[in-house]
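Chemist:
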Amino acid sequence: MLKRTKVAATLGPSTSRPSELMKLVRAGADAFLLDLSKDDPSVWDERHEAIREVEGKVQQPITLLVDTPCREGSTANETCIASNHIKWIANHEVDYVLTSVPRGAHSLAEVRKVLTASGSDASVMARLDHAGNYRDIDSIIQSADGVVVTGMGFSDLETWSIPVMQKMVARQCQIGAKPCLVDRGILKNMLQSEEPSNSEVFDIANVVFDHADAIVLGEETAYGSYPLQAVEVLSKTVIATESLMEITDRPIKVGFGQPPNTAAMAYSIRHILKMQEIAAVGVYSHSSMTARLIAKNWIDCPILGLSDLPTTVRQMGVYHGVVSRQMKSPGSTAEMLATTTSIAKKLGLVVPGDRMIVVSELPIRSTNNANAFVIETID
Numbered sequence: 001m002l003k004r005t006k007v008a009a010t011l012g013p014s015t016s017r018p019s020e021l022m023k024l025v026r027a028g029a030d031a032f033l034l035d036l037s038k039d040d041p042s043v044w045d046e047r048h049e050a051i052r053e054v055e056g057k058v059q060q061p062i063t064l065l066v067d068t069p070c071r072e073g074s075t076a077n078e079t080c081i082a083s084n085h086i087k088w089i090a091n092h093e094v095d096y097v098l099t100s101v102p103r104g105a106h107s108l109a110e111v112r113k114v115l116t117a118s119g120s121d122a123s124v125m126a127r128l129d130h131a132g133n134y135r136d137i138d139s140i141i142q143s144a145d146g147v148v149v150t151g152m153g154f155s156d157l158e159t160w161s162i163p164v165m166q167k168m169v170a171r172q173c174q175i176g177a178k179p180c181l182v183d184r185g186i187l188k189n190m191l192q193s194e195e196p197s198n199s200e201v202f203d204i205a206n207v208v209f210d211h212a213d214a215i216v217l218g219e220e221t222a223y224g225s226y227p228l229q230a231v232e233v234l235s236k237t238v239i240a241t242e243s244l245m246e247i248t249d250r251p252i253k254v255g256f257g258q259p260p261n262t263a264a265m266a267y268s269i270r271h272i273l274k275m276q277e278i279a280a281v282g283v284y285s286h287s288s289m290t291a292r293l294i295a296k297n298w299i300d301c302p303i304l305g306l307s308d309l310p311t312t313v314r315q316m317g318v319y320h321g322v323v324s325r326q327m328k329s330p331g332s333t334a335e336m337l338a339t340t341t342s343i344a345k346k347l348g349l350v351v352p353g354d355r356m357i358v359v360s361e362l363p364i365r366s367t368n369n370a371n372a373f374v375i376e377t378i379d
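If you're matching positions, the sequence shown starts at 1 in full-length UniProt numbering and goes up one per residue.
(1) Taking the Cβ atom as the reference point for each residue, do residue 43 and residue 231 lie within a distance shorter than 8 Å?
(2) Would you report the Cα separation of residue 224 and residue 169, rounded to the nearest angstrom?
(3) Roughly how many whole angstroms lie between the Cα atoms of residue 208 and residue 57?
(4) Provide the residue(s) that pair with residue 126 in DSSP beta bridges, ordered along the chain.
(5) What did DSSP end up calling residue 158 once you bin it into helix, strand or coil?
(6) Can you tell me which of 285, 117 and 218 puts its alpha carbon nearest to the alpha carbon of residue 380?
(7) If we call anything under 8 Å between Cβ atoms a contact, is residue 281 one with residue 357?
(8) Can you check whether the CB of residue 290 is closer than 8 Å to the CB of residue 359?
(9) Tell me whether the stretch 21-39 and the stretch 210-229 touch, counting them as touching only if at least three CB pairs, one residue from each stretch, are closer than 8 Å.
(10) Where do the N-terminal and C-terminal ends of the beta strand (DSSP E) with residue 276 fall, by residue?
(11) Excluding the 5 residues flanking residue 295 on each side, which residues of the same chain have their C-beta closer than 8 Å to its C-beta?
(12) Can you list, in chain order, the residues of its chain whose CB lies under 8 Å from that of residue 248, leaving out five sequence neighbours each side?
(13) Could you tell me how far apart the beta carbons of residue 31 and residue 62 are, in whole angstroms, since I believe they sit closer than 8 Å?
(14) Counting only the same chain and skipping the five closest in sequence on each side, list residues whose C-beta sits under 6 Å from that of residue 79.
(15) Measuring CA to CA, which of 309, 350 and 267 is closest to residue 95?
(16) Rounded to whole angstroms, what is the Cα-Cα separation between residue 159 and residue 104?
(17) Straight-line CA distance for residue 263 to residue 287?
(18) So, for residue 136: in the same chain, excluding its five sequence neighbours on each side, which residues have a beta-carbon less than 6 Å away from its beta-carbon?
(19) Going along the chain, which residues of its own chain have a beta-carbon closer than 6 Å to the beta-carbon of residue 205, five neighbours each way excluded?
(20) Tell me which same chain residues have a C-beta within less than 8 Å of the C-beta of residue 156, skipping the five on either side of it?
(21) According to the Cβ coordinates, are residue 149 and residue 180 closer than 8 Å?
(22) State the DSSP-derived secondary structure class of residue 180, mapped to helix, strand or coil.
(23) Between which two residues does the beta strand (DSSP E) containing residue 47 stretch?
(24) Please report the straight-line C-alpha distance between residue 354 and residue 278, rounded to a whole angstrom.
The structure is reproduced here in C-alpha cells:
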C-alpha cells in the first residue's frame with residue numbers, strides 16, 4: 001500500500017553517511033531535515049552532498065528541509081536569519097526553509113525578502129513556536145508555503161487545548177491548501193529503545209487522522225540509538241492507519257485565494273473517483289499548485305506529480321499521497337499523455353487496462369494553472 005502521509009527525518013550524528021540515509025529512504029523516509037542551528041557549514045555541506053548522492057542512487061526526488069532560527073530581537077538594520085545561514089541556503093539545493101515566526105506574517109515577509117535578495121528560490125514554512133502563532137494562524141497560512149506544528153508554543157497554552165490546536169491547524173491548512181507538518185518528538189521513547197510506547201503509536205495515528213501531510217522525526221533520527229527502527233515504526237503505523245481510516249469523508253472547500261478554477265477541478269476529480277475506478281491521477285505542471293490542491297482533497301488513489309523543474313518535483317515530496325518525478329518538458333499534449341502514463345506504469349501505479357486521470361495546463365508550457373484533464377485507459 002502506498003504511504004500517503006510523508007516521513008521526514010532530521011540528520012545528525014546518528015544519520016549522516018550516504019549508506020545510513022539509503023537505509024532510511026528504503027524504510028520510508030521521503031524527506032530530510034538539516035538543522036542549521038547545529039554544527040557548521042562544512043558538516044552541512046557533507047550532509048547535503050550525502051542527500052543528493054542518495055537521491056541519484058534511488059532515482060527518486062528527496063525533499064530537503066532546512067531549519068533556521070529567526071531571531072526575535074532583530075532590528076530594521078539586520079535580518080532575523082543569520083547571514084551565514086542565508087549564504088549557505090542560497091548556494092545549495094534547498095526546497096523548504098523552516099523558520100520560527102515571532103511576528104507572524106511580518107516575520108515571513110522578512111524571511112522571503114532576504115532569501116530572494118540572496119538568490120534563493122526556496123519555499124518558506126512557518127514553525128509555530130509561539131502561542132501567538134495560533135491566534136494568528138490564518139494570516140500565517142496565507143503568507144507561508146506551509147506550516148510546522150512543533151509543540152513549543154503549546155507551553156503557553158492551556159493543556160486541554162493542545163490537541164484541539166493541532167487539529168485546528170491541520171484543518172486550516174486543508175482550507176488554505178498548504179502542507180501541514182508535525183514535528184514534536186512523536187517517538188521520544190525510541191531515542192533509547194527499539195520499541196515505541198503504546199501512546200506514541202496512538203499519537204502517530206491521530207496525526208494521520210488530523211490530515212497532516214508529513215510527520216518529522218527530530219532527535220529520534222539525529223541523535224537516537226535506533227534511527228532506522230524509528231522510521232520503520234512511523235512508516236508502518238502510518239500505512240496501517242491509512243488502510244483503515246475513512247478517506248471518502250466530505251471534502252473541505254479550499255480557500256485563502258487559491259485559484260478557483262483549479263480548486264474546482266481538483267474537487268471534481270474527487271467525485272469522478274466515486275463514479276469510476278481510477279487507478280491514479282497524473283499531474284504535469286511547472287508549479288506544484290495543482291498537485292497540492294488535488295492532494296488536499298484526500299483522493300483514494302496515488303497522485304503522480306510531474307514537472308520539468310527539479311525544485312518543483314522536490315517540493316511535492318511532502319504533499320500527501322503525491323509520488324513526484326522529473327520529466328522532460330513535453331512538446332505536445334500527446335507527448336505529455338504518453339510520457340505520464342509511461343512513468344505511471346514504470347512506477348507500478350497503473351497496469352494495462354487501468355484508467356488514469358491526466359491533468360495539465362493548456363496550452364503546454366503555459367504559466368497558467370491546470371485547466372484540463374483527460375481519462376486515459378492504459379495500454
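Just so it is clear, CB atoms sit at the ideal spot from N, CA and C, and this is done for glycine as well.
Modeler: From the atom records:
(1) no
(2) 28 Å
(3) 30 Å
(4) 99 and 147
(5) coil
(6) A query on residue 380 cannot be resolved here, the shown segment of the chain reaching from 1 to 379 and no further.
(7) In this structure, residue 357 lies closer than 8 Å to residue 281 by Cβ.
(8) yes
(9) A contact exists between the stretch 21-39 and the stretch 210-229.
(10) That residue, residue 276, is in no beta strand (DSSP E); it is neither H nor E in DSSP.
(11) 213, 303, 319, 320, 321 and 322
(12) For residue 248, the predicted model reports a pLDDT of 44, less than 50, meaning its position is unreliable; a value from the coordinates is still stated below. The residues are 274 and 300.
(13) 7 Å
(14) 114
(15) Of 309, 350 and 267, the residue nearest in Cα terms is 309.
(16) Going from the Cα of residue 159 to the Cα of residue 104 covers about 23 Å.
(17) Between the C-alpha atoms of residue 263 and residue 287 there is a straight-line separation of about 14 Å.
(18) 104
(19) 241
(20) 130 and 131
(21) In this structure, residue 149 places its C-beta atom within 8 Å of the C-beta atom of residue 180.
(22) strand
(23) Taken as a continuous stretch (DSSP letters only), residue 47 belongs to no beta strand (DSSP E), being part of the alpha helix (DSSP H) at 41-58.
(24) 7 Å
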